[in-house]
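Worksheet: one structure, shown below.
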Amino acid sequence: MTNQAHPDFAPRYYTIEQTLRARIADLQPHDALPSEAELAKEFQVSRMTARAAVMRLVADGLVYRESGRGTFVATPPTRRRADSLIRFSQEMRAQGKRPSSRVVTGQKRAGRDTELSRLRLKEGSQIVAITRVRLADTVPIALERSAFPPSVAGLLDRDLVNESLHEALQDLGYIPTIGHASLSADNASALEAELLGLDPGVALLVEQRLILDQHGNPLECTESRYIGNRYALDVTFDVQHSEGPAQS
363 MTNQAHPDFA
373 PRYYTIEQTL
383 RARIADLQPH
393 DALPSEAELA
403 KEFQVSRMTA
413 RAAVMRLVAD
423 GLVYRESGRG
433 TFVATPPTRR
443 RADSLIRFSQ
453 EMRAQGKRPS
463 SRVVTGQKRA
473 GRDTELSRLR
483 LKEGSQIVAI
493 TRVRLADTVP
503 IALERSAFPP
513 SVAGLLDRDL
523 VNESLHEALQ
533 DLGYIPTIGH
543 ASLSADNASA
553 LEAELLGLDP
563 GVALLVEQRL
573 ILDQHGNPLE
583 CTESRYIGNR
593 YALDVTFDVQ
603 HSEGPAQS
């Protein structure tokens, strides 16, 4: 949460920020905000000051920037429980959003060592590699790089722009059943920023997951890189207590 300044000593960017917060409350997701030049003119400040105000809103997830286009009102972040994997398409529809994907690449290629190890494939094996940008209401949410065993090559013939990949797998006889995921954070590379319509260096939530099929065989090895202020994971946990005397 952005620190609040005392109104009697508010810097200029804070005044602009608070004005924009009030305006955003009356706007719809994806409505455009004034440009930095327009804000600078309206509030009689430098563009650097106007940019500082906007970046505070970006940091709080209230707006997002698209290179070459401008600044727009953000939708509330998509949320998912960390202990469950719901299909992205199902997850978006449950929130009243229209899911879709932009396929960046879909091909059979030689597997990398890490992919072969996680999929339990022999050295030199081919894999099915699919990279997609996942969208909700046409807004990019995540960049997803997936690797599959060659037995599911039929995926490459499916409509992965509009169709759920997991539903396609089930049609091919493979049921995603159980999985394991690990979470970390990273900053968007130049390529990732271009694919997601971001500025390079924007914070990303990174999820590495391995999913097994109904027979316990590795089915999908995926890295999903979510835009930090458009996606969130909710975590439910138990509090473990020590067995010894209570510690202060």
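Numbering (this note's numbering), first residue to last: 363 to 610.
No residue lacks a Cβ here, since even glycine has one placed at the ideal position from N, Cα and C.
Strand pairing of residue i, partner residues [DSSP]
i	result
Thr433	Arg427
Glu569	Leu545 and Ser586
Pro580	Leu574
Val501	Ala498
Glu506	Arg494 and Ser586
Val465	Arg494
Cβ-Cβ separation, residue j to residue i (assumed contact under 8 Å), whole Å
i	j	result
Cys583	Ala509	5 Å
Val425	His392	About 10 Å separates the two Cβ atoms, so there is no contact after all.
Val407	Arg374	5 Å
Environment of residue i [buried if 16+ CB atoms lie within 10 Å]
i	result
Asp445	With a pLDDT of only 49 at Asp445, under the threshold of 50, the placement of this residue in the model should not be trusted; the figure read from the coordinates follows. With fewer than 16 other Cβ atoms within 10 Å, it is exposed.
Glu556	exposed
Ala415	buried
Thr476	exposed
Arg474	exposed
Asp575	buried
Ala399	exposed
Ser463	buried
Arg587	buried
Ile573	buried
Ala394	exposed
Leu527	buried
Leu558	buried
Whether residue i touches residue j by CB criterion (8 Å)
i	j	result
Arg471	Ile489	yes
Ile378	Phe405	yes
Arg571	Gly590	no
Val568	Ser546	yes
Arg494	Leu517	no
Leu566	Asn579	no
Pro511	Leu481	yes
Asp561	Arg427	yes
Alpha carbon of residue i to alpha carbon of residue j, nearest angstrom
i	j	result
Leu478	Thr500	33 Å
Leu581	Thr433	39 Å
Leu382	Ala491	43 Å
Ser429	Arg413	14 Å
Thr539	Leu483	19 Å
Arg460	Gly468	22 Å
Leu531	His577	14 Å
Tyr376	Arg496	34 Å
Leu389	Gly486	54 Å
Val466	Pro502	13 Å
Arg431	Ser513	42 Å
Ser397	Lys403	10 Å
Ala498	Asn524	11 Å
Ala543	Ala384	39 Å
Any C-beta of chain B under 8 Å from that of residue i
i	result
His542	In the structure shown, chain B cannot be found, because there is only a single protein chain.
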